[in-house]
Structure formats: structure tokens, C-alpha cells
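As numbered in this note's numbering, residues 8 to 354 make up the sequence shown, in order. Ideal Cβ positions, reconstructed from N, Cα and C, are used throughout, including at glycine. Keep in mind that this is a model prediction, so the values were computed, not measured. Presented below is the structure to which this report refers.
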Amino acid sequence: MKFMLQIAENVSLSQYSTMRLGGTARYLCSVQTRSEVAEAVAWAITHQTPPIMIGTGSNIIWKDEGFDGLIIVNNIMGYEDFAEDETNHYLTIGAGETWDSVVARSVQSGLTGIEALSLVPGTAGATPIQNVGAYGQDISQTLVSVEAFDLTTQSFLTLPASDCNFSYRASRFNREDRGRFLITGITLHLMKQNPLPPFYGALEKYFTEHSITQYGPAVVRNAVIDIRSHKLPDPATTANCGSFFANPIIDQDALLDLQVAYPDIPHWPTDDPEKVKIPAAWLLESAGFKDFRDEATGMATWPAQPLVLVNEKARTVADLLAFKARIVETVKEKFSIELVQEPELLP
Ligand code: NAP
Numbered sequence: 008m009k010f011m012l013q014i015a016e017n018v019s020l021s022q023y024s025t026m027r028l029g030g031t032a033r034y035l036c037s038v039q040t041r042s043e044v045a046e047a048v049a050w051a052i053t054h055q056t057p058p059i060m061i062g063t064g065s066n067i068i069w070k071d072e073g074f075d076g077l078i079i080v081n082n083i084m085g086y087e088d089f090a091e092d093e094t095n096h097y098l099t100i101g102a103g104e105t106w107d108s109v110v111a112r113s114v115q116s117g118l119t120g121i122e123a124l125s126l127v128p129g130t131a132g133a134t135p136i137q138n139v140g141a142y143g144q145d146i147s148q149t150l151v152s153v154e155a156f157d158l159t160t161q162s163f164l165t166l167p168a169s170d171c172n173f174s175y176r177a178s179r180f181n182r183e184d185r186g187r188f189l190i191t192g193i194t195l196h197l198m199k200q201n202p203l204p205p206f207y208g209a210l211e212k213y214f215t216e217h218s219i220t221q222y223g224p225a226v227v228r229n230a231v232i233d234i235r236s237h238k239l240p241d242p243a244t245t246a247n248c249g250s251f252f253a254n255p256i257i258d259q260d261a262l263l264d265l266q267v268a269y270p271d272i273p274h275w276p277t278d279d280p281e282k283v284k285i286p287a288a289w290l291l292e293s294a295g296f297k298d299f300r301d302e303a304t305g306m307a308t309w310p311a312q313p314l315v316l317v318n319e320k321a322r323t324v325a326d327l328l329a330f331k332a333r334i335v336e337t338v339k340e341k342f343s344i345e346l347v348q349e350p351e352l353l354p
């Protein structure tokens, strides 16, 4: 087979992670079409090297030893809006589209369904992987299907949302089928109408404080952008991967134990009445990691949101992982809760 794709060799991975750390990739290419995806996989098979697909690297921590395989950077674009009737719109989106520009376009068309996911970094194709969610919406609520190349069967397929095993910040793509599907596109079902209250707590508070009583997709988007911009660092200027730990879900019994020593521990209900969600940010702050700078590793926590670990002058992924371990151990000792890393550690 004759290959047309440009394959780069020995590429630094730090430019493919917004944490700006990581070793070297043996091979790297960029794909813009489905047929280029198939060609890249065929190239990897011919060269007996494993492939990994990535978007912009906003949720990836590479290892210091790098990756002895082929990185496929997804640049598949596309935004098609099919209006079934006045209210029901189906958007088919290329996986390489910048997610926030997809949200901006849908909101401009007056569509509701993903406006609370404004400013989530990364590409559209990454959103189903961890069932991205924020401010009361998650992608599983609007996702119709995922189009992907299946490395197991060596063919393209369309997975309906019901086959994605979505749960809180999880799906088959980051659990049982991690690495199996190279996502090339997604289809969403959005509605041309105004979102209705009640809204997520932080949004309700924002609307009250700003005397906002008329709600539309753009009103929610602007509120989320305002809240996020005050709380989170911009990855373009500050090396970070967003929230570094998932919000832990614990048993009601464990909460009762914790409430003896910490009566004010915040907690939220989950779909399972036996379990509650604890804000990881509160755990970090209470364990002494608010606005914390670690000279030994060059890592820090972001002053307005301790859940965001910031690479100020770390040299290696080992530095980052040492800082992570210190946080995880301290929180575990104090609260008996094991924090779990949210960005993927690859490979
Ligand atoms: P936040 O709004 O202060 O919330 C912290 C925790 O409290 C989260 O577990 C959140 O649940 C929960 N919570 C807050 N208000 C709630 C309510 N009214 N009902 C139920 N649970 C409530 O969190 P933040 O760190 O600033 O993040 C803002 C939003 O972005 C959150 O929705 C967070 O989940 C989301 N986020 C998502 C990702 C991701 O998808 N990987 C990464 C970072 C942040 P929820 O998580 O269910 O909202």
C-alpha cells in the first residue's frame, strides 16, 4: 500500500498537552478526513506500532518516557445543522472541531442543550469520552450517536448513545473500551427554545446577583463564561489541564463518619440514593492546598480553584506526579477518600 500521509518522527509531546510536559512520540500525523484515519491506522499496522488519537491535548498527561507509537492528531472539521422541524435540530460535528466554537455556533442559532458546556477546552470528539459535563448539562443528555473507527474490527461504525455506557464523567470510551475507538464525529440533538429554570446552583446564584430573569441559551453561555473565566486559568497562558481530580462519590455511611469531625462537609445527592458526591475542591482546600506552591516540583494549585494543578516550572511528568501523590496522600490521611486523577495518563 502506498501511503500519502505526512508522518513526523520524534516529536516532543509537551506541545500536545496543555500541561506542557511529556517525552517524545516516535511518530505523529494529522488527519482531516475519515479516509486519512483509515490510512493512518493502516500505516501503524504496517509499521507494527500502536496508534493513539488525540485532539488538542487539554486533558492528557503524557509520560516522561513518551510514546513508542503513532499519535494521530484529529483535525476533522464539519458542522451540519439539520432542522427536522422548527424546534428539533440535529448537529453533525467533525471530531476535530474546537468544542467551544461548536457551542458558540449553536447558541448563535438559538439552540439549547450544550450552552452550559461553554469554555470546556478541547475538541468536540473528546466530549463523549469522559461524558463531559458542567453546570447541570452533560453531553450524554444531547448526544444521539458517535461515529468512530473501531480498531478491533478495522472499520467505521456509528454507536448510538445507548451503546456508550454513559455515567457521571465516564463512558465505555474511558472505561472498558479505552483506546479502542478513534472518534471521527458526533451527532447531537438540540432544541430551538429557551432553557427553563431551575438552573444549576452556581448559575441561579449568578442570575440573582445580576438581576437576570429572562433566560436564553446566550444568557446561560455568557454566565458560564463569566463564572469560568474568574475561576479557571487560560491554558493558552498558564500550563494546566483543568480539574485534576474527579469529584469523589462516597457511601452515605462514609459521609456520616466524616460529619463527626467535619459537620460542614459539603455534599450533593447522586442518582444512587446510597451515595453522595463530595466537591474535590473542598477536600484540597481543607487539606491545606489552597493557593499552594510546591518549590520542590515547580507545581502549584490555582488560587481561585485548587482543583486545577498548574505547571509553573516543573521539568518532568515525574514532578507533576510527585505533587499529585502528595495531595492524594494528604487527602487520604485526613478524609479516608482516595482522589482519582481526571486527565488521562497516556499511553
Ligand atoms: P462546583 O460548581 O463548585 O461544584 C463542585 C461539586 O459540587 C461538583 O461535584 C458538583 O456536581 C457539585 N454541585 C455543585 N452544585 C450542585 C448542585 N446544585 N447539585 C448537585 N451537585 C452540585 O464545581 P467546579 O469545580 O467549579 O466546576 C463547575 C462545573 O464544571 C461542575 O459542574 C463540574 O462538574 C464541571 N467540571 C467538569 C469537568 C469534566 O467534565 N471533566 C471538569 C471540571 C469541572 P457536578 O459535577 O455534577 O456539577
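Item: Cβ pair count under 8 Å reaching 3, the stretch 337-350 against the stretch 93-103; Value: no
Item: CB of P354 within 7 Å of CB of F180, strictly; Value: no
Item: Contact belief for I59 with P135 at Cβ below 8 Å, rounded distance in angstroms; Value: Not really, about 17 Å apart at Cβ, beyond 8 Å.
Item: When P280, F296, A261 and D278 are compared against F342, the one with the closest alpha-carbon; Value: A261
Item: Opening and closing residue of the beta strand (DSSP E) in which F188 lies; Value: F188 to K199
Item: Nearest-angstrom beta carbon gap, N201 and G132 [assumed within contact, 8 Å]; Value: Wrong, their Cβ atoms sit about 28 Å apart, outside the cutoff.
Item: Contact check, L197 vs S113, beta carbons under 7 Å; Value: yes
Item: Segments assigned alpha helix (DSSP H), at least 4 residues, entirely inside the stretch 26-57; Value: 41-53
Item: Cα-Cα separation between Q266 and A329, rounded to whole angstroms; Value: 30 Å
Item: Straight-line Cα distance separating F251 from I334; Value: 11 Å
Item: Bridge partners - V317, DSSP secondary structure assignment; Value: N247 and A307
Item: Buried or exposed by the 16-neighbour rule on C-beta atoms within 10 Å, applied to Q55; Value: exposed
Item: Proximity below 7 Å, CB of N247 to CB of P286; Value: no
Item: Residue range of the beta strand (DSSP E) that includes K282; Value: K282 to K284
Item: Distance, E91 Cα to T304 Cα; Value: 54 Å
Item: Span of the beta strand (DSSP E), counted from its first residue to its last, around F156; Value: L150 to D157
Item: Proximity test, K297 beta-carbon vs the ligand NAP heavy atom, cut-off 6 Å; Value: no
Item: Cβ contact (3+ pairs, closer than 8 Å) linking the stretch 230-248 and the stretch 111-127; Value: yes
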